[in-house]
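Start counting the sequence shown at 687; every next residue gets the next number (this note's numbering).
All C-beta atoms in this analysis are idealised placements derived from N, C-alpha and C, irrespective of residue type, glycine included.
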Amino acid sequence: MSAPARPAQTRPPHTLSVAPMMDWTDRHCRVFHRTLTRRTLLYTEMVTTGAILHGDRDRHLAFDTGEHPVALQLGGSDAAALAECARIAQDYGYDEVNLNCGCPSDRVSSGSFGACLMGTPDVVARAVGAMRAATTLPVTVKHRIGIDDLDSYEHLTGFVRTVEAAGCGTFIVHARKAWLSGLSPRENREIPPLRHEVVRQLKADFPHLTVVLNGGVLTLDAAQDALGWADGVMIGRAAYQDPFILARADADIFGENTPPVTRRGAIEAYLPYVAAQLQAGQPLNRMMKHTLGLFAGQPGARHWKRTISEQGHKPGAGLEVVQAALAGVPDAVLDERPGGAGVLV
């Protein structure tokens, strides 16, 4: 039997979050998601320490103040570099800094960070300790339940204990193991079986820690079910491919009394930001690609996607493209509000 969930109105940001996703959760995506939900915690794409320390820092780290609460996910393994990046994250105004110990790509593993770090918990502990010494921001870790043949529950709990001892109190757990060779990153999101029961057991064994479930949660109803035992739920691809599921998050998950936004309202709230970015020289498709799933499964979805995709990349494309795309979506779809329990009204 599930433990009673914490009352919605007292829930912290980690209760629901959108996962860091490479090439997806950039600053434009996060501003758009913020038009749908004010309370859900948003994450950046993973940014490597090298990109921050030696690259165009503003390009990687600058964000709109309306994105709060927003967390920076870091990729790296060198404690000193991670500590410096954590300090920089605080200077930029982030609300949290997260260490990636879950990405299984060859490129990431070859740099000795990502999921391969689960094989060296002492390295992670040193990094977390250095980051905590460098910033007052919460330092969290996102990881898998195991890698390759290091997939026993004993190894997982050993990893958590070691990293906890360095001061980490929040663990975001992707409920799949990762194969570091033989599977692509996409296959690692789909082929290793989901094992939510492992994360649930972890929370039971470490009740004092904040344990956030990631992996295979596709709806707010499923998130609510998991919140009967988990401290939080992180939604990934579902929130990107069908972002309108976020429109009920503030009411259903966080207990807000404000009515959820309509699809038209979300686009209209996003357009001032889009206009400002156009003035700054950003191409239209860079902002609007994140809205392609807004009408998923609805009449007019094909027209919306086709118009944005075919016209948005052209030189000089502006808000007229968005208006043309909106014109092909029925008013009933644009103005419907999501009801409770996934019902549209």
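Query	Result
Other residues of its chain near residue 699: CB distance less than 8 Å, five sequence neighbours each side excluded	725, 726, 727, 755 and 781
Range covered by the alpha helix (DSSP H) that runs through residue 848	839-851
Beta-carbon contacts of residue 687 that lie in its chain and below 8 Å, excluding the five residues immediately before and after	Model confidence at residue 687 stands at a pLDDT of 35, short of 50, so the residue's coordinates are unreliable; what they give is reported in the following sentence. No residues qualify anywhere along the chain.
Residues sharing a beta bridge with residue 857, DSSP	827 and 897
Rounded straight-line distance, which links the Cα of residue 910 to that of residue 1049	No answer is possible for residue 1049: the residues shown for the chain start at 687 and end at 1031.
For residue 732, the residue or residues it bridges with in DSSP	759
Between the CA atoms of residue 953 and residue 1027 - distance to the nearest angstrom	Confidence is the limiting factor: at residue 1027 the pLDDT is only 39, short of 50, which leaves the residue's position unreliable, though a coordinate-based value still follows. Computed Cα separation, rounded: 23 Å.
Cα-Cα separation between residue 995 and residue 1006, rounded to whole angstroms	14 Å
Sequence-distant residues of its chain with Cβ nearer than 6 Å to residue 903 (five each side left out)	909, 919 and 921
Best match in 783, 854, 750 and 822 for proximity to residue 812 [C-alpha to C-alpha]	854
At least 3 beta-carbon pairs within less than 8 Å: the stretch 758-772 vs the stretch 731-739	yes
In DSSP terms, what residue 919 is bridged to	702 and 899
Same chain, Cβ closer than 6 Å to residue 791, neighbours up to 5 away in sequence not counted	871
6 Å CB neighbourhood of residue 899 in its chain, flanking five on each side removed	885, 912, 916 and 919
From 983, 926, 835 and 818, residue whose alpha carbon lies closest to that of residue 1020	983
Distance CB(residue 1016)-CB(residue 967) smaller than 8 Å	no
Exposed unless 16 or more other CB atoms sit within 10 angstroms - verdict on residue 1000	exposed
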